[in-house]
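J.:
In the working numbering, the protein residues as written are 1 to 127.
1) Closer than 7 Å: is that where the CB of residue 119 sits relative to any heavy atom of the ligand GDP?
2) Below 8 Å between beta carbons: does that hold for residue 58 and residue 73?
3) Can you say whether residue 186 is buried or exposed, counting buried as having 16 or more other CB atoms within 10 angstroms of its CB?
4) Would you mind sorting residue 101 into buried or exposed? The rule is 16 or more other CB atoms within 10 Å of its CB.
5) Run through DSSP, which three-state label would residue 87 get?
6) Which class does residue 63 belong to by DSSP, given the choice of helix, strand or coil?
7) Can you give me the start and stop residues for the beta strand (DSSP E) that residue 70 sits inside?
8) Report the option in 65, 44 and 112 whose CA atom is closest to the CA atom of residue 99.
9) Looking only at its own chain, which residues have a Cβ that is under 8 Å from the Cβ of residue 124, when we skip the five neighbours before and after it?
10) Apart from the five residues on each side of it in sequence, which residues of its chain come closer than 8 Å, Cβ to Cβ, to residue 31?
11) Could you tell me the alpha carbon to alpha carbon distance between residue 52 and residue 82, rounded to whole angstroms?
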């Protein structure tokens, strides 16, 4: 679901719902861009790229691990206030470990000790 008509929504919880397909380009399009927006989308069957339309958010916490995401544009790595400021510390790994990397705890780096480790054969992000 895009939820594009909901102009005051700041939190969505769709984890473990067996959602399939790409995240819509207009996902959360009307949500406030200057507030912290939290999107719990982990452990579904979401595929494709994280939509670049989400770059319009200043402070987002988006949880995408456990899906089949294949692309996260490099511009997301510049969103320093995303993931509670962890993107400033760990770059895109704070959102999702890249393809051929994994984090067994949560598919992303959350601390200096919880890094994305190299692996083989992992073609999706957030493993």
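For every residue, glycine included, the Cβ atom is placed at its ideal position computed from N, Cα and C.
T.: According to the data block:
1) Absence of the ligand GDP is noted for the structure shown, with no ligands found whatsoever.
2) With a cutoff of 8 Å on beta-carbon distance, residue 58 and residue 73 are scored as not near each other.
3) The question about residue 186 has no answer, for the chain in this structure spans 1 to 127.
4) Label assigned to residue 101: buried.
5) Here residue 87 sits in helix by DSSP.
6) strand
7) 68 to 71
8) Of the candidates 65, 44 and 112, the one whose C-alpha sits nearest the C-alpha of residue 99 is 65.
9) The answer, listed in chain order, is 67, 68, 69, 70 and 99.
10) Cβ within range, chain order: 3, 6, 7, 8, 9, 10, 37 and 57.
11) 14 Å
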